[in-house]
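Take a look at the structure below.
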DNA sequence: AACACCCCCTGTCGGC
DNA sequence: TGCCGACAGGGGGTGT
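In this note's numbering, the protein residues as written are 72 to 360.
As C-alpha cells, then:
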C-alpha cells in the first residue's frame, strides 16, 4: 500500500482527529511490530497532547508535547483506523481484523486510533523532536519530490553518475524519498522512459539535465499530486484512516496491467512485466525508451 | 561506492 | 476442496 501519496492521505485523515487531542491511554498488544517498541513506549505517550502531524518520505511523524515525536512507518500492510467511541456515537464499528490490531491509542476526545499491520513490516519509535532529522531512519533520506525546487536540474544532480537502472535509482530513498514500486512505474511510463536505461543518462557530461530529466521530474510530481488528490491507491483491502477508499488505482496506466494495451494514444504496445532487483516492473516496451 | 540478492512476516491467489 | 508455490505497496543487512 503505502508510498508517499498513501502516507500523505493517512496523515491528512488522522490530523483532524488527533491534533490537539491528548493521549489518554495506549494499549500495546505485542512487544513490537517489525522492531521492539522503545523502552516505556506506552508511558511516554500517555498524557501527552498531540501538537502536529507531518510526513517525511513514507514516515508519519506525530509531534507530542514534552519534546518527543512518534515516528511511524506503515511497511507494506500497515494502516490506521479511527473510531469514535463517544458514548452514543452512531458509528461504532467492530474490528474486522482484531488479530493484527497491534497498537490502540485512546484520545481524550473519545476517539480511538488503532494501528493494524498483518505483515508487521511497519514500525514505531519515539525520538527527541529537536534533532529529529538525526534519527537513524530519517537521516539518510533524500529529496522530497513534492518540495519546491525538485525540478529537472535537481533530479539530474541526484542521478548523475549512477549506472544503476533508472527504476532502481528512483526507488533509492537516499536519492528521492517517498517513491515506491507503483509510482516509479507510473512516472516512467508518463515520461516515456525505459526503467532499464542507466540513471546517469539524465544528466549530460556537465551534469546538466537532459530533456528526459525534465519530463521525468514533471511526471513524478504530477503522478504523486494526482494520487494524493484521489486519496491514494487502494490495493487489496487497504483503506484510508476514515474508512474511505482511495481511487487512484483506477488511474494506473501500467502497474499490474501486464498484457493490457498501452494507454498512450497512437502507441500499439502491450504492457510488459519484468523483474528488476527482485521486484516487478511494469512498462510499455514500445513507447518507453 | 554501488549494486544485486536475500530476508523479515502474513495473507491471498492461481494452478494443479 | 486442498495443497503449494509465487507474489505483494518497504527496506535493511550482507556480500560482490
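C-beta: ideal position from N, C-alpha, C; glycine also.
Does the stretch 169-186 come close enough to the stretch 215-232 to have 3 or more Cβ pairs within less than 8 Å?
The stretch 169-186, when compared against the stretch 215-232, does not touch it at the 8 Å Cβ threshold.
Using a 10 Å radius around the Cβ and a threshold of 16 neighbouring Cβ atoms, would you call residue 328 buried or exposed?
Buried, because 16 or more other Cβ atoms sit within 10 Å of the Cβ of residue 328.
Mind checking which residues open and close the alpha helix (DSSP H) that includes residue 300?
Per DSSP, residue 300 belongs to the alpha helix (DSSP H) from 282-300.
Just to confirm before moving on: does the CB-CB distance between residue 226 and residue 264 stay below 8 Å?
Contact: no.
Threshold first: 3 residues or longer. Then list the beta strand (DSSP E) segments lying entirely within the stretch 179-235, N to C.
Listed in chain order, the complete beta strand (DSSP E) runs (minimum 3 residues) inside the stretch 179-235 are 182-187, 194-199.
Got a sec, what are the start and stop residues for the beta strand (DSSP E) residue 151 sits in?
Run containing residue 151: 150-155, per the beta strand (DSSP E) assignment.
Give me the Cα-Cα distance between residue 316 and residue 73, rounded to the nearest whole angstrom.
Near 13 Å, if we compare the C-alpha coordinates of residue 73 and residue 316.
Apart from the five residues on each side of it in sequence, which residues of its chain come closer than 7 Å, Cβ to Cβ, to residue 95?
Take residue 95, set aside five residues on each side of it, and the residues of its chain with a beta-carbon closer than 7 Å to its own are 177, 178, 179, in chain order.
Applying the 10 Å Cβ sphere with the 16-neighbour rule, what's the burial state of residue 205?
Per the 10 Å Cβ criterion, exposed.
Does the Cβ of residue 231 have 16 or more other Cβ atoms within 10 Å, making it buried, or fewer, making it exposed?
By the beta-carbon neighbour count (other beta carbons within 10 angstroms, threshold 16), residue 231 is buried.
Same chain only: Cβ atoms within 6 Å of residue 147, ignoring 5 sequence neighbours per side
Once the five neighbours on either side are set aside, the close Cβ partners of residue 147 are 190, 192.
State buried or exposed for residue 280, treating a residue as buried only when at least 16 other CB atoms are found within 10 Å of its CB.
Buried, since its Cβ has 16 or more Cβ neighbours within 10 Å.
Is residue 123 near the ligand FAD, judged by its Cβ being under 7 Å from some heavy atom?
The ligand FAD is not part of this structure, which contains no ligands at all.
Extent of the continuous beta strand (DSSP E) to which residue 353 belongs:
Here the beta strand (DSSP E) through residue 353 covers 350-354.
Counting beta carbon pairs with one atom in the stretch 281-288 and one in the stretch 152-171, are three or more of them shorter than 8 Å?
As far as the Cβ criterion goes, the stretch 152-171 does not touch the stretch 281-288, which means the pair count is below three.
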